[in-house]
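Chains P and R are the protein sequences, given in the same order. To convert, note that position 118 of the first sequence is 118 in the working numbering; the numbers rise steadily by one, no gaps. Going from the second sequence to the working numbering is simple: count from 1 and add 1000. Ideal Cβ placement from N, Cα and C applies to all residues, glycine included. Treat the numbers as computed from the prediction; the structure is a model and nothing was measured. Okay, so here's the structure we're looking at.
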Amino acid sequence: MLRVTRTVYDAIRAHGEETYPHECCGALLGRATREGWLIEAAVKAGNTRTDSAHNRYHIAPAELVKIEREARRRGLSIGGFYHSHPDHPAQWSPTDFAEAHWLGCSYVITAVAQGKATVTNSFLLAGVTEEDKRFENENIELIEPADESPENESLADPAESKKA
Amino acid sequence: MTIYIPTPLRPYAAGKDALEVQAGTVSAALDELTRAFPDLRKHLFTEEGKLRAFVNVYLNDEDVRYLPEKDATAVSATDTLSIVPSIAGGR
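The following block contains the structure:
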């Protein structure tokens, strides 16, 4: 199960609407718990695939280095990534699978239909090596604002998260 | 220097997110890392000993692959090495 604060959930869906008809992407920061990742912040990333941004995404490794630095500063870890599928179901694709290397992390996909975020699904990249990796469906449990601690605000622009 | 270990590799590094090593080059630092945690080797390198294609290594903010001396680049005690698996995909 992936537990995500409502603020983060709204922010990543809004990001998908913002970049439509292109794919959005970003990292999810949180803590590993016995029940799975508890995601407390989302960090928007640029999509370097400007050649095919409607159906591909790639986060520059240099940006990932900065995101990891920010996560450490906040006492968090990268627990997963998110991206959108413009006018396409919220299911992982062969490309998503081939390019997934963060074992034990969650890959969250939001379908954006005609500019509006619809379904958001999460897939845990399970397995212990590249050779036996697999995506497993996982439920998303939302943590409502009343249960969020004050420091659990999203790194994303608050004005953006209100659009969802 | 400090080597930062990404989330997916921490289970093979006793759960650590970083390791301090003493080394003269990037390559020697990675050797120290895999000497400390041998299980990391197959996740970082191919059977031929080359860094796996999807594994990026950054010396501070520079991609080691694009440094003139690549993994033979000299490092100092205050440098950091970040191991960052790539992230990409699409529908």
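Boundaries of the alpha helix (DSSP H) around T95 (chain P): P94 to A98. A straight line joining the alpha-carbon of R72 (chain P) with that of E40 (chain P) spans about 13 Å. Judged by DSSP secondary structure, K1070 (chain R) falls outside any alpha helix (DSSP H); it is assigned neither H nor E.
Considering only R:I1003, R:P1038, R:L1044 and R:I1083, the residue with the shortest C-alpha distance to V1021 (chain R) is R:I1003.
Straight-line spacing of the CA atoms in I12 (chain P) and P21 (chain P) works out to 15 Å. The alpha-carbon separation between P1011 (chain R) and E131 (chain P) amounts to approximately 17 Å. The Cβ-Cβ distance between F97 (chain P) and F135 (chain P) falls below 8 Å. Y1004 (chain R) has a beta carbon lying within less than 8 Å of a beta carbon in chain P. Here DSSP, grouped into helix, strand and coil, assigns V112 (chain P) to strand.
Proximity of F1045 (chain R) to chain P, defined by a Cβ-Cβ separation below 8 Å, is not satisfied. At a cut-off of 8 Å between beta carbons, L124 (chain P) makes no contact with chain R.
Bridge partners of K44 (chain P) according to DSSP: P:G26. Counting along the chain, the unbroken beta strand (DSSP E) around T1080 (chain R) starts and ends at T1080 to P1085. Residues of the same chain with a CB within less than 8 Å of the CB of R1041 (chain R), apart from the 5 flanking positions on each side, are T1034 in chain order. Under the 10 Å beta carbon count, R34 (chain P) is surrounded by fewer than 16 other beta carbons and is classified as exposed. The beta carbons of T95 (chain P) and G1089 (chain R) sit closer together than 8 Å. Inter-segment contact for the stretch 43-58 of chain P and the stretch 1063-1083 of chain R is absent: fewer than three beta-carbon pairs are separated by less than 8 Å.
The Cβ atoms of T1007 (chain R) and I78 (chain P) sit closer than 8 Å to each other. S93 (chain P) places its beta carbon 8 Å or farther from that of V112 (chain P). Q114 (chain P) and D1017 (chain R) have their C-alpha atoms roughly 41 Å apart.
Here the alpha carbon of A126 (chain P) sits roughly 16 Å from the alpha carbon of I1087 (chain R).
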